[in-house]
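Trainee:
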Amino acid sequence: MIGVSLSRWTMSFFAAALIALLLALGLMAAGYGYPSAPVEAAPTLIVVHLVAIGWLSLLMCGALLQFVPVLVNRPLFSDSLAMPALLCLIGGFGALLLGFLWLDGQIEAVLPYFAVASLLLGLGFGLVVWNLAGTLMACRPLPLPARFVAVGLASVVLTAMLGMVFALVRGGIVDDPRLLDLAAQGIPLHAIAGLGGWLTFCAMGVSYRLFAMFMLAPELERRGTRAALHLGACALVIAVPGGIVAIWTGRSLDAVLIASAIAGLGALSLYGRDMLHLYRVRKRRAIELNTRMAVLAFASLGLAVLVAIVLAAFGVLQRHIAVVVFLAAFGWLSGLGLAKLYKIVPFMTWLECYGPVLGKKATPRVQDLVVEKRAEKWFLLYFISVWSGAGALLYGYPPAFRVAAAAMFVAVAGIGWQLLRARRLADVETGGRFPEGVRQPSLLHSFVQRT
Amino acid sequence: MTVEVTDALAAQVREALRLVIDPELGDNIVDLGLVYYVSVGEGGVAHIVMTTTTRGCPATAYLKDGARDSAWSVPGIEFVEVGLTYEPPWTPEMMTPDARSRLGIADKGRW
């Protein structure tokens, strides 16, 4: 149907992502991985990748499959690539976790886990990037928010390539000295390309458009926004290709990372200023819960930056880098992701169920699919727990961190339950829930009805 | 058909379009100012020109089809043509004062 951009498999991406997040939080609450184990230990790597690939990347892929067409006002390049991509990503991710367990001596090597993980994750991310880049390529020159996403897609390619190198080296499959050097020293580059490039850039691009839409604010295409894009892209080029060159030529990686951090800080400051501007000039005075909670995610990003600056000023950033990464991953990216899920799931469910009967029957509003008051407490619990967990990490108190992780688990389970209710139309008044022609949606697949 | 009859039909079509809501804002497309033009010509042919709150809105096709179906439900309407335009782009100033008040939209300041 012309003009309809309902991504069929986005709900499956979201479901898999939420399961991975709950699993990661459950492990953290049980004391698995950092801070109970060293940063480089296999349990920590399992938790980190559960969050980075299982939760954040699957969430971002699902969201982009739905919203890149909105950013560029064109249909998705292919509707049939999403499901194979999801299967490859889940399969590859599973193989990666098995590889870490094998490294830890927990299981036998039945398969070359890291080789399988490299192949499937490379293929999965490749299919997602191919689909989204194909959509973007068809509508150049790109609007500014879509350019952020384009940089994010370039970053996920770099992140995946670095990850594949690490996996092949750890699996003993390659032994080229340059790749060994890269695997030994390149972890910060992998993290910057993933968290800073892929996830943060895509979140920035989508938020420029969605926040203007949800708050009824004029879309921004100003000099500061372009400067944020260029400075951020510079930070990534300095950190990743620049960092690889530094490693291979035996130069100091610290100087490269400091230069990248300065450019990145400039980009984030400009982005923060833009978000504040959108909030101030919004026409919609009473904003919805998803936007209010996104404000807490932005606050967490600001807090992460502030903590990084203070730690760097005292010369202890390297020792406490986990605090900054934790705030960025759980306060900023996960907080924003959960907040936006609370909008996207009801919105997509509404489109699927009530879009086809629009004009024929009276329909509920998107807001009628959710009960904000009920969800608000879970979001507040989530953010308070994240900030408490960051404090526990900073002061080196693992039992308090585990309590915070357990509270985050409960909060995410509570939010997940509200999302499930929205998807099942459970909160829509009984009389208007199923007008003629409307049926209960599937949990994992969006069915596009023709009118 | 006389001018009086077509004008009356156009008014009924406009009223029928209130059944179509913008899912995001949750109000009907007439009061939101998303319907730019409604006319009814010879033979009961309705012409509607409308917009959406933003380009690329995932609900665009449903809104357009919904406008067609609700207009078609008016007795005397034999055919409906719905055109989509983004000129001029929609702004909150196009909403009726009542809709602005219902949705808590600020009156002050320009877009």
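Just so you know, the protein sequences line up as chains X and Z, in that order.
Just so we're aligned: 448 in the working numbering is position 448 of the first sequence, and the numbers increase by one with no gaps anywhere.
Just add 451 to the spot in the second sequence (first one is 1) and you have the working numbering.
C-beta: ideal position from N, C-alpha, C; glycine also.
On a predicted model such as this, the values are computed, not experimentally measured, just so you know.
At the 8 Å Cβ level, is A510/Z part of the contact set with chain X, yes or no?
Mentor: Yes, its Cβ sits closer than 8 Å to a Cβ of chain X.
Trainee: Would you tell me roughly how many angstroms separate the C-alpha atoms of V245/X and L179/X, rounded to the nearest one?
Mentor: Spanning the two alpha carbons is a distance of roughly 12 Å.
Trainee: Short check: CB of Y208/X to CB of L195/X, under 8 Å?
Mentor: In this structure, L195/X does not lie closer than 8 Å to Y208/X by Cβ.
Trainee: Specify whether the segment 392 to 399 of chain X and the segment 427 to 445 of chain X touch according to this definition: at least 3 beta carbon pairs, one from each stretch, less than 8 Å apart.
Mentor: No: fewer than three Cβ pairs fall under 8 Å.
Trainee: Looking at C-alpha atoms only, which residue of F100/X, V110/X and A160/X is the closest neighbour of V128/X?
Mentor: The shortest C-alpha separation from V128/X is found at A160/X.
Trainee: Check whether the Cβ of Y487/Z lies closer than 8 Å to any Cβ atom in chain X.
Mentor: With 8 Å as the cut-off, Y487/Z does not count as an interface residue toward chain X.
Trainee: For A42/X, is the beta carbon positioned less than 7 Å from some heavy atom of the ligand MN?
Mentor: Summarising the ligand content, the structure contains no ligands, and the ligand MN is consequently not present.
Trainee: How do the segment 372 to 385 of chain X and the segment 16 to 24 of chain X stand: do at least 3 beta-carbon pairs fall below 8 Å, yes or no?
Mentor: No contact exists between the segment 372 to 385 of chain X and the segment 16 to 24 of chain X.
Trainee: Using only alpha-carbon positions, find the residue among L460/Z, G477/Z and A462/Z that is nearest to D368/X.
Mentor: Looking at the Cα atoms, G477/Z is the closest of the given residues.
Trainee: Can you list, in chain order, the stretches of the alpha helix (DSSP H) that have 4 or more residues and sit fully within the segment 294 to 369 of chain X?
Mentor: For the segment 294 to 369 of chain X, whole alpha helix (DSSP H) runs of length 4 or above, ordered along the chain, are 321 to 326 and 335 to 354.
Trainee: Give me the subset of the segment 360 to 371 of chain X whose CB atoms are less than 7 Å from a CB atom of chain Z, sorted by chain position.
Mentor: Listed by position, the residues of the segment 360 to 371 of chain X near chain Z (Cβ gap below 7 Å) are K360, A362, T363, R365, V366 and Q367.
Trainee: For the segment 464 to 492 of chain Z, list every residue whose C-beta sits within 7 Å of some C-beta in chain X, in sequence order.
Mentor: From the segment 464 to 492 of chain Z, only L470, V471, I472, P474, E475 and G477 have a Cβ closer than 7 Å to chain X.
Trainee: According to DSSP, is L257/X part of a helix, a strand, or is it coil?
Mentor: DSSP places L257/X in helix when its eight states are reduced to three.
Trainee: Taking contact to mean 3 or more Cβ pairs, one atom from each stretch, closer than 8 Å, check whether the segment 277 to 297 of chain X and the segment 335 to 348 of chain X are in contact.
Mentor: A contact exists between the segment 277 to 297 of chain X and the segment 335 to 348 of chain X.
Trainee: Would you identify the three-state DSSP class for L220/X, choosing helix, strand or coil?
Mentor: Correct three-state label for L220/X: coil.
Trainee: What would DSSP say about V481/Z, mapped onto helix, strand or coil?
Mentor: Three-state result, V481/Z: coil.
Trainee: To the nearest angstrom, how far is it from the Cα of T225/X to the Cα of L268/X?
Mentor: C-alpha separation (whole angstroms): 10 Å.
Trainee: Are L199/X and M60/X touching if we call contact CB-CB under 8 Å?
Mentor: In contact: L199/X and M60/X (Cβ atoms closer than 8 Å).
Trainee: With DSSP as the reference, label F77/X as helix, strand or coil.
Mentor: Looking at F77/X - three-state DSSP - the assignment turns out to be coil, as it is neither helix nor strand.
Trainee: Between the segment 283 to 315 of chain X and chain Z, which residues of the former have a C-beta closer than 7 Å to a C-beta of the latter?
Mentor: Flagged, chain order: K283, R284, R285 and A286.
Trainee: Taking 8 Å as the CB-CB cut-off, is W55/X touching chain Z?
Mentor: No, W55/X lies away from the interface with chain Z (no Cβ there is under 8 Å from its Cβ).
Trainee: Would you tell me roughly how many angstroms separate the C-alpha atoms of A183/X and D175/X, rounded to the nearest one?
Mentor: Those two C-alpha atoms are separated by around 10 Å.
Trainee: Grab me the residues of H190/X's own chain with a C-beta within less than 8 Å of its C-beta, minus the 5 sequence neighbours each way, in chain order.
Mentor: Contacts found: T159, L162, G163 and F166.
Trainee: What's the call for A462/Z, buried or exposed, on a 16-neighbour Cβ count within 10 Å?
Mentor: That one is exposed.
Trainee: Taking its Cβ as the centre, do 16 or more other Cβ atoms sit within 10 Å of M137/X, making it buried, or is it exposed?
Mentor: Its Cβ having fewer than 16 others within 10 Å, M137/X is exposed.
Trainee: Should V72/X be flagged as near chain Z, meaning a C-beta pair shorter than 8 Å?
Mentor: Answer yes: the Cβ-Cβ gap between V72/X and chain Z drops below 8 Å somewhere.
Trainee: Measuring only between beta-carbons, confirm whether W213/X sits less than 8 Å from chain Z.
Mentor: A small correction: the amino acid at residue 213/X is Met; Trp does not occupy that position in the sequence shown. Judged by the 8 Å Cβ criterion, M213/X is in contact with chain Z.
Trainee: Please determine if the segment 521 to 540 of chain Z and the segment 488 to 505 of chain Z are in contact, where contact requires at least 3 C-beta pairs separated by less than 8 Å.
Mentor: The segment 521 to 540 of chain Z, when compared against the segment 488 to 505 of chain Z, does touch it at the 8 Å Cβ threshold.
Trainee: Can you check DSSP and say which residues form a bridge with A191/X?
Mentor: DSSP output for A191/X lists no bridge partner at all.
Trainee: How would you list, in chain order, the residues of chain X whose beta-carbon sits under 7 Å from the beta-carbon of R553/Z?
Mentor: By Cβ distance, chain X contributes nothing, its closest Cβ being about 11 Å from R553/Z, past 7 Å.
Trainee: Here's a check: name, in chain order, each residue in its chain whose Cβ is nearer than 7 Å to the Cβ of V169/X, leaving out the five neighbours to either side.
Mentor: Counting only Cβ-Cβ distances below 7 Å, and skipping sequence neighbours, we find L179, L180 and A183.
Trainee: Mind checking whether F93/X and L121/X have CB atoms under 8 Å apart?
Mentor: Closer than 8 Å, so yes.
Trainee: Starting from V410/X, follow its DSSP beta bridges and name the residues at the other end.
Mentor: None; V410/X has no bridge partner.
Trainee: Helix, strand or coil, according to DSSP, for T451/X in the structure here?
Mentor: Because T451/X carries a pLDDT of 48, less than 50, the predicted location of this residue cannot be relied on, and the following value inherits that uncertainty. Three-state DSSP puts T451/X in coil, outside helix and strand.
Trainee: Comparing the C-beta of I499/Z with each C-beta of chain X, is any distance below 8 Å?
Mentor: No, I499/Z lies away from the interface with chain X (no Cβ there is under 8 Å from its Cβ).
Trainee: Just the chain X side, please: which residues come within less than 8 Å of L514/Z by C-beta, in chain order?
Mentor: In chain order: L358.
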